[in-house]
Amino acid sequence: MSEMLVPVLTFLAPTFIIGVLGAWLTFRYLHPFLLEIGATPWNRRVTQQVLFAGVVNAEPQQLLKLRKLRVFYSGLIALVLLFAGMFLGFGAVVFFGILLSFNFLLSRPFEVTEANK
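For the sequence shown, this note's numbering assigns the number 213 to the initial residue and increments by one for each residue that follows.
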């Protein structure tokens with residue numbers, strides 16, 4: 213059993229750390245920002261619009277917060293792609309990169325006034 217401990221922890225430890233980091237970023241920074249702009253934080257479509265396409269009609273302070281959030285999540289996505297490249301190979305990185313590019317292409321910006329309608 214001990215000979216399997218190192219490979220299992222090599223795979224599971226980074227996965228767990230990336231998951232905890234993503235949950236921490238979401239609950240500590242993203243959800244308060246979404247509440248600040250008047251959006252529902254549990255709506256996946258709104259989260260996708262905000263992270264991948266940005267917001268329209270927001271205040272300058274909110275745009276600075278959003279820029280920081282997008283940098284944090286870009287770093288998290290880079291960690292996931294690095295992890296996928298190490299364990300699954302270059303093909304997985306290309307596949308996940310294509311999926312991410314579709315998110316950027318198909319998202320439309322979230323209008324701050326939409327939440328108040």
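For every residue, glycine included, the Cβ atom is placed at its ideal position computed from N, Cα and C.
These numbers come from a predicted model, not from an experiment.
Go ahead and pull the three-state DSSP assignment for residue i.
{"i": "residue 323", "result": "strand"}
{"i": "residue 314", "result": "helix"}
Quick one: Cα of residue i to Cα of residue j, how far?
{"i": "residue 249", "j": "residue 217", "result": "46 Å"}
{"i": "residue 241", "j": "residue 233", "result": "12 Å"}
{"i": "residue 305", "j": "residue 258", "result": "26 Å"}
{"i": "residue 277", "j": "residue 251", "result": "15 Å"}
{"i": "residue 325", "j": "residue 219", "result": "50 Å"}
{"i": "residue 308", "j": "residue 260", "result": "16 Å"}
{"i": "residue 335", "j": "residue 226", "result": "Because the chain in this structure spans residues 213 to 329, residue 335 falls outside the shown range and cannot be described."}
{"i": "residue 255", "j": "residue 310", "result": "23 Å"}
{"i": "residue 290", "j": "residue 230", "result": "11 Å"}
{"i": "residue 297", "j": "residue 223", "result": "12 Å"}
{"i": "residue 235", "j": "residue 253", "result": "13 Å"}
Just checking my contact of residue i with residue j at CB under 8 Å: how many whole Å lie between their CB atoms?
{"i": "residue 316", "j": "residue 267", "result": "Not a contact, Cβ separation roughly 15 Å."}
{"i": "residue 265", "j": "residue 313", "result": "At roughly 13 Å, the Cβ-Cβ gap does not stay under 8 Å, so residue 265 and residue 313 are not in contact."}
Measuring only from the beta carbon, is residue i closer than 7 Å to any heavy atom that is part of the ligand COA?
{"i": "residue 246", "result": "Only the bare structure without any ligand can be found here, which leaves the ligand COA out of the picture."}
The segment 241-251 touching the segment 275-284, judged by at least three CB pairs closer than 8 Å: yes
For the segment 244-312, list the alpha helix (DSSP H) runs that are entirely contained and at least 4 residues long, ordered along the chain. 256-260, 272-300
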